[in-house]
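The structure appears below as structure tokens.
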Amino acid sequence: MDASTGPVVSTRHLTKAYGRLLALRQLDLRVEPGEVFGYLGPNGAGKTTTFRLLMGLLRPTSGRASVLGLDTWRASVAVHRQVGYLPGEPVLYDRLTGHQHVEYFRSLRSMPEDKYARALAERLDLELGKPARSLSKGNRQKLALVLALMSRPRLLVLDEPTSGLDPMVQREFHALLREHTAEGGSVLLSSHVLAEVQRVADRIGVLRAGRLVAVERLEDLRRKSLHHLTARFAEPVAAADLHLPDDVRDVVVDGDTVTCSAPQSALDGVLKGVSRWPVVDFGCVEAELEETFLAYYGEETGRVA
Amino acid sequence: MLRDVTLKTIYDQRRGLLAWCVSLALLVAMYVAVWPSIRGQPSMAQFLDSMPKAFRALFAMSGADMSSPAGYVQIELLSFLGPMILLGYAIAAGSSAVAGEEERHTLDMLLANPVSRARVVLEKGAAMVVGVLLLAAVTAAALLFEGPLGDLRLPAGNVVAAMVHLALLALVFGSLALALGASTGRLGLSRAVPAVAAVAAYVVNGLGPLVSWLEPLQKFSPFYQYGGHDPLRTGVSTSGILVAVLTVLAFAGLAVAGFRRRDIAA
């Protein structure tokens, strides 16, 4: 596989078992160059396990994983040269300052200078002079982010990156991600809420109990985005008389009023069905993406949010 | 200062190492100060002679002679307290090298850098070697420079030889702790096992000459390689050094092999 054109992340039947517990089952995942992949799932679904397998911290029970064509277990050092990693709960060295963290990891990465790290800290509004133990949770998260981003890696593996960050910093972080992908870099980031990744992700994958149950382009999900419809008629109607399209859900008839939820693609069919009867009032509101997402994957994934 | 894992590890230990160095220098100073009042005391020799043989064997490495500087330092410093301090440091450093970082959960971010696991464990081991050698060197310097103040004069070559053997003794158990910590990630286990092993080796060496079934085991005790030949009087033992160095290298190899093949605890 050619590292320059092939997928940045590629796993094949990747499986991890802890004793008899299967934390990850037969994962086939691909992340392409320049792509932001949002990895979603409830806590305990296997997101962190996936990331730690990609970082060579865990050894696959079976199957394989590669980053830029390099095996994540056998060639982990070469993989790490190209990857910036933010753990789910980053733990820093209590007594070292931000500058010392930067100095240490910069030396281990043979980076000649720390200009970019300083620039990152400034953009995230992080003071590098203080020891890690005196930093707030949000500031520790920022420092860990600086350490992950500072070597300008080709792939960022970020486990719950926005946890503990305030909205202003999140916006700056999203800007950093866009710059990263504009230069051809890829991002694999996890979250347990769609709302957190929907602004930045190109594709999302949904993990549940160790299985990847869905992968979808975000624009496709938007196309499916649910609309809540309410129609009041001049006289009571029966649902069957409206001839609503099949993918309309949650149809409720209450006397002369009908409510339902329909994906964007079904709106035309709904309007045509409804307009055959005398309409007194009509309303249409687009649902949050989160709700759409839960409507499609909710039963399978449990509550994702 | 934070240019690699070894330097960073030493930097982390700087305060502890300084405290140990000061303590060792003060401890030696105390022994030196007491020496003039002890050496003229025939009752001390009688007291030692009156001790049960087994007890004496544990405390005095070879013979129990409090009337010569070498015998005095042997009993007071080299037979018990010195090894205890250096072993304590080495076992703590060896066990926390990998297992300590793993239990504090800082290992994930460290290993996400392009450094191999072998390099991490060996550089951490190197920091332990530096620390042990520093403590041994400070003890040697204290004996050689503080000693004459109390007329406690020892041949410099033999003091250095004894400290080389003492450092190697500590490194044997320190590298055992390193290997256990690297292979299991468990800090408690990698401290407890070498500590118990050290006590067992100490007892085997001390009682070997008196207990017939222990006698064949004595030569395998690292304490025998350390003090069986009486380094303060006879200098270095090549075979003792060789056995200790090979043991340390074997444990270092096990540490690398054990660390490379396993999962890092989350």
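Protein chains in written order, with my numbering: chain A, 20 to 324; chain B, 98 to 363.
By construction, the Cβ of each residue, glycine as well, lies at the ideal position given by its N, Cα and C atoms.
Values in this document were obtained by computation on a predicted structure and should not be read as measured data.
So, are the CB atoms of residue i and residue j less than 9 Å apart?
i, j, result
"B:Ile182", "B:Leu232", "yes"
"A:Val277", "A:Ala258", "yes"
"A:Arg236", "A:Asp221", "yes"
"A:Gly53", "A:Ser170", "no"
"B:Phe320", "B:Leu266", "yes"
"B:Phe356", "B:Val229", "no"
"A:Val304", "A:Leu174", "no"
"B:Leu273", "B:Val195", "no"
"A:Asp275", "A:Glu309", "no"
"B:Ala292", "B:Ile188", "yes"
"A:Leu362", "A:Leu139", "In the structure as shown, chain A begins at 20 and stops at 324. Residue 362 of chain A is therefore absent and cannot be evaluated."
"A:Leu59", "A:Val216", "yes"
"A:Pro172", "A:Gly75", "no"
"B:Asn210", "A:Phe124", "yes"
"A:Leu245", "A:Arg218", "no"
"B:Asp101", "A:Leu145", "no"
"A:Val55", "A:Leu196", "yes"
"A:Gly229", "A:Leu263", "no"
"A:Leu46", "A:Leu111", "no"
Excluding five sequence neighbours on each side, which residues of the same chain lie with their C-beta closer than 6 Å to the C-beta of residue i?
i, result
"A:Tyr122", "What sits at residue 122 of chain A in the sequence shown is Glu, not Tyr. No residues qualify anywhere along the chain."
"A:Glu51", "Pro26"
"A:Leu177", "Leu105, Leu208"
"B:Ala264", "Val229, Leu230, Ala233"
"B:Ala223", "Thr103"
"A:Met20", "Only weak support exists for where A:Met20 lies, its pLDDT of 45 falling under 50; the value from the coordinates is given anyway. Closer than 6 Å at the Cβ level, and outside the excluded window around A:Met20, lie Gly88."
"B:Ala331", "The displayed chain sequence assigns Thr, not Ala, to residue 331 of chain B. Cβ within range, chain order: n/a, list empty."
"A:Thr249", "Thr278, Gly302"
"B:Ile361", "Leu204"
Use the C-beta contact count for residue i: other C-beta atoms within 10 angstroms, 16 or more gives buried, fewer gives exposed.
i, result
"B:Arg288", "buried"
"B:Gly285", "exposed"
"B:Glu198", "buried"
"A:Lys156", "exposed"
"A:Glu319", "Bear in mind that the predicted position of A:Glu319 carries a pLDDT of just 48, short of 50, making it too unreliable to give a figure here."
"B:Gln143", "exposed"
"A:Pro131", "exposed"
"A:Ala163", "buried"
"B:Gln138", "exposed"
"A:Ser210", "buried"
"B:Lys150", "exposed"
"A:Leu40", "exposed"
"A:Tyr37", "exposed"
"B:Trp132", "buried"
"B:Ser140", "exposed"
"A:Val298", "exposed"
"A:Val98", "buried"
"A:Glu238", "exposed"
"A:Thr68", "buried"
"B:Ser147", "exposed"
"B:Pro180", "buried"
"A:Lys134", "exposed"
Tell me, to the nearest whole angstrom, how far the beta carbon of residue i is from that of residue j; I am working on the premise that it is less than 8 Å.
i, j, result
"B:Val42", "A:Val96", "Residue numbering for chain B in the displayed model covers 98 to 363; residue 42 of chain B lies beyond these limits and cannot be assessed."
"B:His262", "B:Pro313", "Going by Cβ atoms, the distance from B:His262 to B:Pro313 rounds to 22 Å, so no, they are not a contact pair."
"A:Ala151", "A:Asp113", "6 Å"
"B:Pro166", "B:Arg250", "6 Å"
"B:Ala238", "B:Val333", "No, B:Ala238 and B:Val333 are not in contact; Cβ-Cβ is about 18 Å, not under 8 Å."
"A:Arg31", "A:Arg83", "5 Å"
"B:Met206", "A:Pro180", "About 14 Å separates the two Cβ atoms, so there is no contact after all."
"A:Gly224", "A:Ala233", "7 Å"
"B:Val227", "B:Ile107", "6 Å"
I'd like to confirm something about residue i: is its beta-carbon nearer than 8 Å to some heavy atom of the ligand FMN, or not?
i, result
"A:Ser284", "Among the ligands in the structure shown, none appear at all, so the ligand FMN cannot be discussed."
Looking only at its own chain, which residues have a Cβ that is under 8 Å from the Cβ of residue i, when we skip the five neighbours before and after it?
i, result
"A:Val271", "Val277, Thr278, Cys279"
"B:Val353", "Arg214, Ala215, Val218, Leu219, Ala279"
"B:Ser336", "Gln322"
"A:Gly321", "The predicted position of A:Gly321 is uncertain, since its pLDDT is 44 and thus under 50; a value taken from the coordinates is nonetheless stated next. Pro61, Arg227, listed in sequence order."
"A:Asp266", "Ala281, Pro282, Ser284, Ala285"
"B:Leu178", "Leu124"
"A:Phe192", "Leu143, Leu164, Pro180, Thr181, Leu184"
Near residue i, which residues of its chain fall below 7 Å by C-beta distance, leaving aside the five closest residues on each side in sequence?
i, result
"B:Val269", "Pro319, Ala341, Thr344, Val345"
"B:Glu243", "Val125, Ala126, Val129"
"A:Pro403", "Past the boundaries of the shown model lies residue 403 of chain A; chain A is included only from 20 to 324, so the question cannot be answered."
"B:Gly271", "Ala187, Ile188, Ala190, Gly191, Met225, Val229"
"B:Leu246", "Val129"
**Study point:** Segments of 4+ residues assigned as alpha helix (DSSP H) that fall wholly inside the region 150-215 of chain A
**Key:** 156-168, 186-201
**Study point:** Every unbroken alpha helix (DSSP H) within the region 109-139 of chain B, with a cutoff of 4 residues, ordered by chain
**Key:** none
Exercise for review: Only counting runs of 4 or more residues, tell me where the alpha helix (DSSP H) segments fall wholly within the region 278-350 of chain B, in order along the chain.
Suggested key: 284-304, 312-315, 319-324, 328-331
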